[in-house]
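Be aware that the first sequence starts at 2, since it is given in the numbering used here, and climbs by one per residue.
Cβ coordinates follow ideal geometry from the N, Cα and C atoms, glycine included.
Computed from a prediction, not measured in an experiment: that's the story for all the values here.
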Amino acid sequence: MPELPEVETIRRQLAPELLGRRIDCVRVYHDDLLLGPRNRREFRRLCRGRRLGPAGRRAKFLLFPLHREDACDAKPEAVIRTQLRMTGRFWLGGQRPDPLEFRHPGAEFVLDDGRTLFYDDVRRLGGFDILSIPEWRAVEGRLGPEPLSASFTARRLARRLEPLRAPIKHVLLDQRRIAGIGNIYASEALHRASIDPFKPAGTLAYGEIARLHRAVRRVLREALDASGTSFSDYRAPDGRSGSFQNRLRVYGREGAPCLRCSTSLERAVQGGRSTFYCPQCQR
DNA sequence: CTTGTACCCTGACCGC
DNA sequence: TGCGGTCAGGGTACAA
2 MPELPEVETI
12 RRQLAPELLG
22 RRIDCVRVYH
32 DDLLLGPRNR
42 REFRRLCRGR
52 RLGPAGRRAK
62 FLLFPLHRED
72 ACDAKPEAVI
82 RTQLRMTGRF
92 WLGGQRPDPL
102 EFRHPGAEFV
112 LDDGRTLFYD
122 DVRRLGGFDI
132 LSIPEWRAVE
142 GRLGPEPLSA
152 SFTARRLARR
162 LEPLRAPIKH
172 VLLDQRRIAG
182 IGNIYASEAL
192 HRASIDPFKP
202 AGTLAYGEIA
212 RLHRAVRRVL
222 REALDASGTS
232 FSDYRAPDGR
242 SGSFQNRLRV
252 YGREGAPCLR
262 CSTSLERAVQ
272 GGRSTFYCPQ
282 CQR
């Protein structure tokens with residue numbers, strides 16, 4: 002479901018509410034929501050009684066640092082890594098969320114202020130694992146740069162694309178190359194940069210890469226400012242929708258006119274996923 | 001190393 | 001009303 006702007010929106014809403022809270026009780030309703038090697042009992046044991054540090058995000062992962070009760074100021078000893086994948090959602094409140102809207106309860110984290118963090122996931126492709134800090138550092142080291150960070154430059158992007166023969170659209174989805182971009186914003190960025198999604202990444206001219214770099218940052222920034230893109234099921238934890246779906250230029254607009262040149266937009270399948278593009282102005 | 005494919009799972013929708 | 005096929009914002013394991 003969510004890409005970088007949606008996950009970051011969720012993080013911003015949850016972070017101030019969760020900071021310093023103690024996890025008193027954990028319930029996990031499906032084994033397949035535990036994505037790591039730990040079973041439910043181990044997961045509960047590692048969470049219970051821990052205090053939450055500031056919620057973080059890297060790529061599309063939400064991170065909940067866990068501190069020992071007696072050493073809250075020190076570095077966390079572990080982190081809960083959450084992946085929402087396609088349909089994972091959070092809701093935080095004093096009672097259960099509306100069961101008509103949250104029909105697939107996956108897990109609950111009861112906090113010491115009486116509220117509970119609920120996780121709901123229709124397809125159960127998302128979930129949690131607990132990583133020690135060295136384990137997390139190893140995982141994080143394999144991820145590509147954060148596209149909104151100051152250190153993500155066009156030059157750096159060019160170096161990462163240069164050896165790759167795969168289509169640029171496919172490369173944008175590869176979290177080892179660039180972190181946080183998913184199927185919506187890959188199509189949107191390529192359209193804004195007027196680049197053919199099928200073009201092999203390593204054949205892009207530097208000028209094209211510079212345009213792509215700007216387009217990626219701009220579209221993610223604008224989506225973040227709009228609290229993300231909401232289709233039928235995505236909601237932020239406060240229940241509000243994002244509004245960026247009104248500003249998508251190609252995603253989901255197959256057959257509609259290109260906003261730049263009026264050519265009918267097309268949909269193609271790359272690596273099993275839809276790519277939306279303008280056959281006229283993306284070359 | 002790269003690249004492609006299968007797979008995890010449920011639900012909405014479309015054509016028959 | 002039912003049935004089969006397709007599609008959905010993701011990531012990983014595995015084979016070639």
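Considering only the alpha carbon of each residue, which of S242, L63, G181 lies closest to G128? Taking each of S242, L63, G181 in turn and checking the Cα distance to G128, the smallest one comes out for L63.
Here's the rule I'm using: 16 or more other beta-carbon atoms within 10 Å means buried, otherwise exposed. How should G273 be labelled? Exposed: under 16 other Cβ atoms inside 10 Å.
Coil, strand or helix - P17 by DSSP: Of the three classes helix, strand and coil, the one that applies to P17 here is helix, per DSSP.
Meets three-Cβ-pair contact criterion under 8 Å: the stretch 23 to 31 and the stretch 105 to 117: Counting Cβ pairs under 8 Å, three or more are found: they touch.
For R261 versus E189, is the C-beta distance shorter than 8 Å? Judged by their CB atoms, R261 and E189 are not nearer to each other than the 8 Å cut-off.
Return the first residue and the last residue of the beta strand (DSSP E) that A121 is part of. Per the sequence shown, residue 121 should be read as Asp rather than Ala. For D121, the enclosing beta strand (DSSP E) begins and ends at 117 to 122.
Can you tell me which of T154, F199, D74 puts its alpha carbon nearest to the alpha carbon of V285? Nothing about residue 285 can be read from this structure; the chain reaches only from 2 to 284.
With 16 as the cutoff for other CB atoms within 10 Å, does L53 come out buried or exposed? With 16 or more neighbouring CB atoms inside 10 Å of its own CB, L53 falls in the buried class.
Hey, would you say the C-beta of Y278 is under 7 Å away from at least one heavy atom of the ligand FAD? Summarising the ligand content, the structure contains no ligands, and the ligand FAD is consequently not present.
Under 8 Å between C-beta atoms of R1 and G145: This structure does not reach residue 1, given that the chain is present from 2 up to 284, and the question cannot be answered.
Please report the residue range of the alpha helix (DSSP H) in which H31 lies. No alpha helix (DSSP H) contains H31, which DSSP labels as neither H nor E.
Which residue spans inside the stretch 195 to 274 form an unbroken alpha helix (DSSP H) run of at least 4? Assignment of alpha helix (DSSP H) within the stretch 195 to 274, counting only whole runs of 4 or more residues, yields 207 to 226 in chain order.
In chain order, which beta strand (DSSP E) runs of at least 3 residues are fully inside the stretch 151 to 177? Counting whole runs of 3 or more residues, the stretch 151 to 177 contains no beta strand (DSSP E) stretch at all.
Using three-state DSSP, classify G183 as helix, strand or coil. G183 falls in the coil class under three-state DSSP.
Skipping 5 residues on each side, what residues in its chain have a beta carbon closer than 8 Å to that of Q271? Here the set comprises P168, K170, H171, P198, F199.
I'd like to confirm the pairing. Which residues does DSSP put opposite H68 in its beta bridges? Residue pairing for H68: DSSP places it in a beta bridge opposite R52.
Identify every residue that forms a DSSP beta bridge with W92. According to DSSP, residue pairing for W92 in a beta bridge involves F119.
Can you give me the start and stop residues for the beta strand (DSSP E) that R58 sits inside? Unbroken beta strand (DSSP E) run through R58: 57 to 59.
With a cut-off of 8 Å on the beta carbons, I'd call K61 and V140 a contact; round off their distance for me. Actually they are not in contact, since the Cβ atoms of K61 and V140 sit about 13 Å apart, beyond 8 Å.
Report buried or exposed for L266, applying the criterion of at least 16 other Cβ atoms within 10 angstroms of its Cβ. Burial call: buried.
Ignore the nearest five residues each way along the sequence and tell me which others in G208's own chain have a CB closer than 6 Å to its CB. Once the five neighbours on either side are set aside, G208 has no close Cβ partner at all.
Alpha carbon to alpha carbon, what distance is there between R12 and E78? Each residue's alpha carbon lies about 20 Å from the other.
Rounded distance between the beta-carbons of F65 and L80, thought under 8 Å: According to the sequence as given, residue 80 is Val; it is not Leu. The Cβ separation is near 7 Å, so the contact holds.
Write down the C-beta distance between V217 and I185 rounded to the nearest angstrom, noting that I regard them as a contact closer than 8 Å. About 12 Å separates the beta carbon of V217 from that of I185, a gap too long to meet the 8 Å contact definition.
Thinking Q14 and D239 are a contact (beta carbons under 8 Å), I'd like their distance in whole angstroms, please. 5 Å between Cβ atoms; contact.
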